[in-house]
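Encoded as structure tokens, the structure appears first; notes follow it.
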Amino acid sequence: MKPAEADSLARAKRMSDDRGRGLEVLMEAQHHWMAMDGFRRERKRNKDYCYGKQWDDLITVDGVTMTEAEYIKSQGSVPLKNNLIRRLVRNVLGEYYKQNSEPTCVARDREEQRLGEAMSITLQYNMQLNDSKDLLARSFEEFLIGGMIAQRKWYGWNEEGKLDCWTGRVDTNSFFVDSNMRDSDGKDATIIGEIHDISSGTMLNRFAHSPEDYKRLSNIYNAACNRGYFTQYCEQFGTGRRMNWTFLFPDNGQCRVIEVWRKEHKPRYRCHDLNTGELFKIEMEDYGEMVDAVNKRRLAQGRMAGIPEEEIPLIECEWYMDNYWYYYMLSPFGDILEEGETPYEHKSHPYVLKCYPFIDGEIHSFVNDVVDQQRYVNRLITMYDWIMRASAKGVLLVPEDCLGNVSLPEVAETWSKFNGVIALKMKPGTPMPQQISANAVNIGIGELLNIQLKFFEDISGVHGAMQGRAGVSGESGSLYAQQAQNAATSLLDLLETFSSFVRAGAYKDLKNIQQFYDRKRFEDIGGRAGLVDINYSKIRDVECDINVVESVTSPAYIQFANQFLMQIWSAGQITLEQLLENGSFPFADKLLQSIQANQQNMQQGQPMQGIDPNVMQQAQQGVDMNAVNKAYDMLRGGNRQAA
12 MKPAEADSLA RAKRMSDDRG RGLEVLMEAQ HHWMAMDGFR RERKRNKDYC
62 YGKQWDDLIT VDGVTMTEAE YIKSQGSVPL KNNLIRRLVR NVLGEYYKQN
112 SEPTCVARDR EEQRLGEAMS ITLQYNMQLN DSKDLLARSF EEFLIGGMIA
162 QRKWYGWNEE GKLDCWTGRV DTNSFFVDSN MRDSDGKDAT IIGEIHDISS
212 GTMLNRFAHS PEDYKRLSNI YNAACNRGYF TQYCEQFGTG RRMNWTFLFP
262 DNGQCRVIEV WRKEHKPRYR CHDLNTGELF KIEMEDYGEM VDAVNKRRLA
312 QGRMAGIPEE EIPLIECEWY MDNYWYYYML SPFGDILEEG ETPYEHKSHP
362 YVLKCYPFID GEIHSFVNDV VDQQRYVNRL ITMYDWIMRA SAKGVLLVPE
412 DCLGNVSLPE VAETWSKFNG VIALKMKPGT PMPQQISANA VNIGIGELLN
462 IQLKFFEDIS GVHGAMQGRA GVSGESGSLY AQQAQNAATS LLDLLETFSS
512 FVRAGAYKDL KNIQQFYDRK RFEDIGGRAG LVDINYSKIR DVECDINVVE
562 SVTSPAYIQF ANQFLMQIWS AGQITLEQLL ENGSFPFADK LLQSIQANQQ
612 NMQQGQPMQG IDPNVMQQAQ QGVDMNAVNK AYDMLRGGNR QAA
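Structure follows, in structure tokens:
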């Protein structure tokens, strides 16, 4: 086989022009997008039930297809609903917010732990830059509704003209992935991508790098660059998007760009430098310069030094077929706007994906589990309403023999007045007018409704204690807390699965930070923590484990850290300046400035000013010294007790 034939990209370029290659990639992406049609329909149904559109399922009656709401209205009834799913989703979101956790980096080599601390600080800065707390909460809500979530991690310019590492949510309606994958993280996918509908200005800013590019793009997106054409397709804000759009052509008047990441393959050399331990890969044409020449030079130097040839560290190489990610930015007509091998050093695509539970390739969301209970609750309350409306309520029975000259409409009108008087001619033996009022027949709908509400809690796992309901009379606080903890246990699978998604996203953020942040950026971000003196030249080589732990900004963490610092300060193991620099006290900066001012006065021979006793009282206020002593004993391995 010739080398050019083993290279899938070179073969495609030889067999077709750019337009033909673009159309081939476009059709493959469209195939995988259409394969997700069932998932999109199921997600839309779950979303409709979550946000109140609970009678929109289609049914066929006597050959006529209509929604359930239309059928109920045609029967003279009202399609009532009691949205329990929305409350359920909010409760689970509240449980996620209570975790108050964030990713941190732990270097595998303890000697590089300071670099790991620098990466943690920088990663937390990047998450704040992207408002990740709200972003992850909305992603978790999507996870509960649809069962699949995706985020895009990239480096570039944002709409405000800032260059940084960014994270963006991916609309699963416009997202596609390999329909043959079986890994819930998409690690075995061979194609992945997204449909972008963007304005003409954003499109030109992204892809036009010369006047020729501008002219070419204006011809491709001729209609979409017309503002009048765009305004014709404006949608109602806040009411949802139309779902009748196709893969190739938008119905919103914007410029459609299809981003496709696809696995390509080509022959390369996998190399291992025995001198440095470095592993890398090279192109076939670079073998002579990067391997052969280097090995010859090392052999010559080793012989001159008298080193046996078998002990000279060389670069070992292995020929292999490299499977690498290659991206295409395509127009709906097959024009290749941009292409290239992945620019990221993590050698992957910019997407992070999680499917749940993805057993046998199936997705079943949290909301989907309670849709049937919600439907039955709606059916019961609608039936109850119909029975109550069909029951007799205030019906007046008037014998015709006693009406005389009074008409029935006059009787009905006078009967409804609080001071009405009706003149009737009563004959002997004629019964008096009487009003009939009957209660709705009890056929057990109330009991059925209570059973369904109980099923709703049992199936979802979100019980009354987690929902914040008040405990019953005589119930102990420990029992109530145990009920809340048991309810949280039922959601542990969902929360841990989402945490794995957060870790995967943080890992790609970390790799992008290592690749694109320079020393100045690290020093600007981590300088306050005293990390400006570390060797940032090694930061790209640091491998870190990502753990999702309790946030260092949580009140519990801050209180424990402050108590521990106060303990070791009281033991004389740190100075007051170190206490204020590393603690999280609201008065720390003011007190530290006073101490530094006193030190300067002493150096200049001026009288020293005392520290405000009120400030020192604030420093010790609220500190539980018993808890501090226990924490200190635990960290020192019980040495304090032994003493």
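If you read the sequence shown in my numbering, its first letter stands for residue 12, the second for the next number, and so on. The beta-carbon is built from N, C-alpha and C at its ideal position, and this holds for glycine as well. This one's a predicted model, so the numbers in the text were calculated from it and none came from an experiment.
Within 10 Å of its beta-carbon, does residue i have 16 or more other beta-carbons around it, so buried, or fewer, so exposed?
i    : result
K522 : buried
V553 : buried
W66  : buried
S418 : exposed
A316 : exposed
L590 : buried
I524 : buried
W43  : The sequence shown places His at residue 43, not Trp. It counts as buried.
M613 : exposed
F187 : buried
P557 : Per the sequence shown, the amino acid found at residue 557 is Ile instead of Pro. That one is buried.
V382 : buried
I203 : buried
K358 : exposed
D224 : exposed
P114 : buried
D148 : Reading the sequence as shown, one finds Ala at residue 148 and not Asp. Under this definition A148 is an exposed residue.
Starting from residue i, follow its DSSP beta bridges and name the residues at the other end.
i    : result
A118 : C555
Q611 : Paired residue(s): none; Q611 is not in a bridge.
D349 : The amino acid occupying residue 349 in the given sequence is Glu; Asp does not appear at that position. For E349, which the question treats as bridged, DSSP gives the partners M340.
E373 : I370
M77  : I70
N334 : H276
D175 : G167
Grouping DSSP H, G and I as helix and E and B as strand, with all else coil, what is residue i?
i    : result
T183 : coil
Q584 : coil
W397 : helix
Q162 : strand
I209 : strand
S112 : strand
G71  : Checking the displayed sequence, the identity of residue 71 turns out to be Thr instead of Gly. Looking at T71 - three-state DSSP - the assignment turns out to be strand.
H43  : helix
Y367 : coil
P278 : strand
K601 : helix
A21  : helix
G167 : strand
I96  : helix
T287 : coil
R193 : coil
M443 : coil
Y107 : helix
N379 : helix
K436 : coil
E320 : helix
N57  : helix
T257 : coil
For residue i, collect the residues of the same chain with a Cβ closer than 7 Å to its Cβ; drop the 5 residues on either side in sequence, then sort them by chain order.
i    : result
W165 : W177, P361
L704 : Examination of residue 704 is not possible in this model, given that the chain is present from 12 through 654 alone.
T76  : L69
N593 : L576
A161 : V181, T183, F186, Y362, V363, L364
T133 : I524, Y528, F533, I536, G537
M192 : D199, A200
W330 : P278, Y280
Y232 : S211, M214, C266
K436 : C413, G415
Who are the Cβ neighbours of residue i in its own chain at under 8 Å, not counting the five residues just before and after it?
i    : result
Y337 : L20, W272, R273, K274, E275, E350, G351, E352, T353
H375 : G158, Y367, P368
V89  : I83, T393, D396
V655 : Nothing can be reported for residue 655: it is not among the residues displayed for the chain, which extend from 12 to 654.
K24  : R32
N169 : D175, W177
Spatial neighbours of residue i within its chain, please: C-beta separation below 6 Å, excluding the five flanking residues on both sides.
i    : result
L414 : none
D28  : none
G633 : Low confidence applies here, because G633 scores a pLDDT of 48, under 50, leaving its location unreliable; read the following figure in that light. If we look at G633 and ignore the five residues flanking it on each side, it has no Cβ neighbours.
D59  : D67
L37  : L341, G345
Q124 : A118
F258 : Q41, W44
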